[in-house]
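*Asks:* In UniProt numbering, the protein residues as written are 1 to 863.
Quick reminder that beta carbons are idealized off the backbone N, C-alpha and C, glycines included.
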C-alpha cells in the first residue's frame, strides 16, 4: 500500500497536511505557509519510513522509502539519518502529536529571517519537544537561525522555558544565535535568567561567557533580571562568573539590588549585599535608594536587612525630597513605618520638596492605621501645612477618607476651620468632590463652615454644585439654605456653576430653594441661562426657561443673548430650543452689532448657520457695527462650507465691503485660505481688482503675508494687479519683501517677478536690499532682456552662472550681457575655458558641436 501526505489549503492564510498511516488519516492543521506544510509532509513521510524500519527490523531502508513517498525531495537521506538513531524509537503518532502542538502555537516569523521550519522550531523549543526539535533541525538546519516578529530565535524560547537539552541542540546547529538579541536587546541568557533557569544559564554561560555582561536596550544585565525576580541561585551563578555586575546600573540607574529590594526578595538582597554592601547607599536616576523601593511596597524584612547594612539610608532623600518613610506612609505600610521610625524617629517631621510630611501622604491615601501610628509618635504633625497650605485633614477630606478625617479631627478639632493658601477649608474640598459622608462629619464638628468663603468667594455649595454633586448640595442646603443665593467674587451663584456644566438635577434642587436665582446676573451680566446656553446644556436651558421664560431675551454686559452664546459655540440643539421659544432673537445684535449668525459663521458652525438662516434669512445681509457681514467672518476664518451656505442665500454679498473697504476676498486672501478664495472668485472674479480704503487689493494682503498659492490664484485671474500700488505707493512685490514681512517672502517675490513691466519690477527690486538674490531669478524669468533692463541689473550679480545656457539659447547678445554681470571669479573661469577650448580645437583641427561647447562653458562657469 502506498502512503503519502497531501497538502490542502484551509481558508485564505492556512494550510493543513492530511497523511494516511495504517489506514487511518491524520491531520496537522494551522500551518501558515505552503512551504511549512510541505516540510511537515516530508517529516511525516520520513517518520513513517523510520517507524517501519524499526518495527520490521529491515536494514535496507531503501526498499521502504520508495513505497512511502517517492515524491519527497531529500527524503532518502533524511530517512537514512533517522534510521538506527534515537529518533527511530519515537512512534509515528507521537510525531504527529508533537508537530500538531508546534503548528498550533502562535509564533509569527519575521519574513526576512524565516525559514520553512522556523516557526515550528520556535514552538518546539518553547514547548520542550526534544524529538520535534531534532526532526525539524534535521529537515531544515537553517530554522535554528529563524526569528519571530519580536526578533526572538528558537534558542531564546528554549532558554525562557528552561529546556536545557533543546538549547544544546540549537547551539550545535547555530552557535552564533547565543548572542542574538531580540527587539528589546535580550539575548537568550536574559530569558533564562529572567525565569531563573539556573541549569540553562550554566549551559549558555559555558558556551558564551561574555554574555553575562550583555545589556538590553534598557541597560539590564542578566543579573538585573534574575535579581528582580528573586532567583537567588541564578544570581549566585552569574555573580561567580562576573562579580562586578553587582554594581552595574541600568539606563534608569537601577542596580540589581534596587530590583530585588523593589520586589521584596530578601534572600537575593542578602546575596547582593554580601558581594557589595555599599550598593545599599546607591541611588537610581530618581534619587531612590533600594530602601526607598522596599519601603514603598512594604517589604519590611527587606527593609530590616538594608537598614542593618546601611542605617543612615533611613534619612536619605530622593530627588523629590522623599524619605523611605514617606514612601511607606504613602502606601499605608504601617509595619514598615514602625521599623523606619525605630531607626530614625526624627524623620516623622521631615518634609519633602512640596512640604509634605509622612502624615500628609498617609492621610491623602486614607491609611488610617498608618496615620494613627504617626500621630502617636508626633501629635503636632496634624497641624503641619504643606506648600499649598493644606493640612493632613485637607488631603483626607479631598478624597473622602471619612475614617481618617475622624481620626485627625479627634487629634486636632480646630483643624476643621484651617484654610489653605487658596482659602479652602476641608469642607470645600470634600464638597467639591461630592464626599457627602465626609461633609456630614465636618459639618457636625463645625456647622458654621457651610458659609465659609474661599479667597475667590466660593462656598462649599459652589464647588459641589459646579461638579453636580446633588446629594452633597442637599446636605449643605439643609444646613444653610440661604447659601443658594450667595455669590462668589465673580457674582456667580451656585446655580450659575451647576448650569454651566449641565447638572440639571442639581439646578432643580437649587431652584427649589431659590427660584429667583434664575434672574440673578453675575458681574458680567450673565444669567444661569447664559452659562447653560454657552456650553450647549439643552436640558438645563429648558428647565431654566420653564421657570423664567423672559430670560431668553436677557443680554449680558456685552449685549449677548443666550442665543448668541449657543450660536458662537455651535450648539445647534440648544439654538433650536431657544429659537422655538423666541425666534425673534435671531435678529438681535450684541454691543458690536453681531447677530447670532455672525458668531456661528465666524467659527464655521455650518449646521447652526443653516438653522439661523431658516428662521431669519435676511440676517445673511446684516452688517455689524464694523460693517461686517456673516460672510466676511466666515471668509476670515476660511470656512468654505459656511461661505457656500451664505452665498447660496445671498450671492451678491461677495462684493459687499465692510467699513474699511474689505470684501470677503480681502479677508480670505489676508489669512491664506485658498479654497475660500477660489470659491469667492468663482462667483465674482472682478473682486481681485477691488481696493480697500487704503488702496490695498487682495493681492497686496496675500503678498504681505506670504501666501504664495493665493498670490498665484489672484494673478491668474488678474495679472495686471501685480504692479498696482496701494495709496501709500507700495506694490505687492514691495510688500512681500518689506521689513515688516521679515524674513522676506521670497517665493511670493519670485512669483511676482514675471508679472508686470520689467522696468517697474527692476525699480521695485532696486529699493529693497533683501531683494538682491532675486535679480538672477528676474533674469531667467524675463529672458530676453532689453539693454535698458540689463543696465538695471547690478553687476556683479550672484547666481547668474547657472543661467548661461538659457541665455545662449536666446542669442549671443543675451549671453554676452549675462557674462558681463557675472562675479569676477566666474567670469575669469569662463574666459579660461573658452580660450582653452579654442586652442584645443585649433591644435587638433577639430570642430566640436556647438551644444557641447556651450555645456563645457556653462560647467566651467558654474564650477
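Specify the secondary structure class of residue 15 as computed by DSSP and reduced to three states.
*Replies:* strand
*Asks:* Go ahead and pull the three-state DSSP assignment for residue 91.
*Replies:* Collapsing the DSSP output to three states places residue 91 in coil.
*Asks:* Measure how close the beta-carbons of residue 570 and residue 603 come, nearest whole angstrom, since I'm counting them as under 8 Å.
*Replies:* 6 Å
*Asks:* Distance check for residue 324 and residue 293, CA to CA, integer angstroms please.
*Replies:* 8 Å
*Asks:* Under 7 Å between C-beta atoms, does residue 7 make it to chain C?
*Replies:* Here there is only one protein chain, and chain C is not present.
*Asks:* Identify whether residue 594 lies in helix, strand or coil by the three-state DSSP scheme.
*Replies:* coil
*Asks:* According to the neighbour-count rule (16 or more other Cβ atoms, all chains shown, within 10 Å of its Cβ), is residue 591 buried or exposed?
*Replies:* exposed
*Asks:* If distances are taken between C-alpha atoms only, which option among 399, 606, 562 comes closest to residue 586?
*Replies:* 562
*Asks:* If you reduce the DSSP assignment to three classes, tell me which class residue 20 lands in.
*Replies:* strand
*Asks:* Among residues of its own chain, excluding the 5 on either side of residue 696, which ones have a beta-carbon nearer than 7 Å to its beta-carbon?
*Replies:* Within the same chain, 726 come within 7 Å of residue 696 by CB-CB distance, once the 5 residues on both sides are set aside.
*Asks:* Could you pull the start and end residues of the beta strand (DSSP E) that residue 588 belongs to?
*Replies:* Counting along the chain, residue 588 falls outside any beta strand (DSSP E), and DSSP gives it neither H nor E.
*Asks:* Report back the beta-carbon spacing between residue 522 and residue 500 to the nearest angstrom; my notes put them in contact at under 8 Å.
*Replies:* That belief does not hold up - the Cβ atoms of residue 522 and residue 500 are roughly 11 Å apart, past 8 Å.
*Asks:* Between residue 291 and the rest of its own chain, which residues show a CB-CB distance below 8 Å, the 5 nearest in sequence each way excluded?
*Replies:* 261, 280, 303, 306, 307, 310, 313, 314, 316, 324
*Asks:* Measure the alpha-carbon distance for residue 842 versus residue 818 and round it to whole angstroms.
*Replies:* Rounded to whole angstroms, residue 842 to residue 818 spans 27 Å at the Cα level.
*Asks:* List the whole-angstrom C-beta distance separating residue 509 from residue 528, where the pair is believed to meet the contact cut-off of C-beta under 8 Å.
*Replies:* 13 Å between Cβ atoms; not a contact.
*Asks:* Measure the alpha-carbon distance for residue 65 versus residue 234 and round it to whole angstroms.
*Replies:* At residue 65, the pLDDT of 39 sits below 50, so the modelled position is not reliable; the number obtained from the coordinates is stated separately. Their Cα atoms are separated by approximately 48 Å.
*Asks:* If you compare alpha carbons, which of 616, 464, 804 is closest to residue 596?
*Replies:* 616
*Asks:* Look up residue 26 in the DSSP assignment and say whether it is helix, strand or coil.
*Replies:* Per DSSP, reduced to three states, the secondary structure at residue 26 is strand.
*Asks:* Is it true that the CB of residue 431 sits closer than 7 Å to the CB of residue 396?
*Replies:* No, the pair does not count as a contact, with Cβ atoms beyond the cut-off.
*Asks:* Tell me the DSSP secondary structure of residue 148 in three-state form.
*Replies:* Residue state, collapsed to three classes: strand.
*Asks:* Does DSSP put residue 309 in a helix, a strand or coil?
*Replies:* helix
*Asks:* Since residue 449 and residue 471 should fall inside the 8 Å C-beta cutoff, what is the C-beta to C-beta distance between them, to a whole number of angstroms?
*Replies:* Residue 449 to residue 471, Cβ: 18 Å. No contact.
*Asks:* Going by C-alpha distance, which of 173, 824, 349, 103 is nearest residue 39?
*Replies:* Of the listed residues, the one whose Cα sits closest to residue 39 is 103.
*Asks:* Tell me, which residues are paired with residue 7 by DSSP?
*Replies:* 17
*Asks:* Say whether the segment 400-407 touches the segment 446-461, bearing in mind that this needs 3 or more beta-carbon pairs closer than 8 Å, one atom from each stretch.
*Replies:* no
*Asks:* For residue 26, which option in 193, 165, 6, 371 has the closest C-alpha, if you only look at C-alpha atoms?
*Replies:* 6
*Asks:* Considering only residues of the same chain and omitting the five flanking positions on each side of residue 203, which have a CB-CB separation below 7 Å?
*Replies:* Result list for residue 203: 164, 167, 168, in chain order.
*Asks:* Which whole runs of the alpha helix (DSSP H) in the segment 337-417 are 4 residues long or more, in chain order?
*Replies:* Entirely contained in the segment 337-417, the alpha helix (DSSP H) runs reaching 4 residues are, in chain order, 358-365, 368-377, 392-398, 402-411.
*Asks:* Between the Cα of residue 667 and those of 822, 212, 710, spot the shortest distance and give me the residue it belongs to.
*Replies:* 710
*Asks:* Consult DSSP for residue 31 and reduce its assignment to one of helix, strand or coil.
*Replies:* Judged by DSSP in its simplified three-state form, residue 31 adopts strand.
*Asks:* So, using beta-carbon positions, are residue 574 and residue 635 closer together than 7 Å?
*Replies:* Between residue 574 and residue 635, the CB-CB gap reaches or exceeds 7 Å.
*Asks:* Touching or not, the segment 828-845 and the segment 805-816, by the rule of three or more beta carbon pairs under 8 Å?
*Replies:* no
*Asks:* Please list, in chain order, all residues of the same chain as residue 208 whose beta carbon is under 8 Å from its beta carbon, the five residues on each side excluded.
*Replies:* 178, 179, 189
*Asks:* Using C-beta distances below 7 Å, list every residue in its chain close to residue 599, excluding the 5 sequence neighbours before and after it, in chain order.
*Replies:* 564, 567, 568
*Asks:* For residue 68, count neighbouring C-beta atoms within 10 Å of its own C-beta (all shown protein chains included) and say buried if the count is 16 or more, exposed if not.
*Replies:* At residue 68, the pLDDT of 41 sits below 50, so the modelled position is not reliable and the matter cannot be decided from this model.
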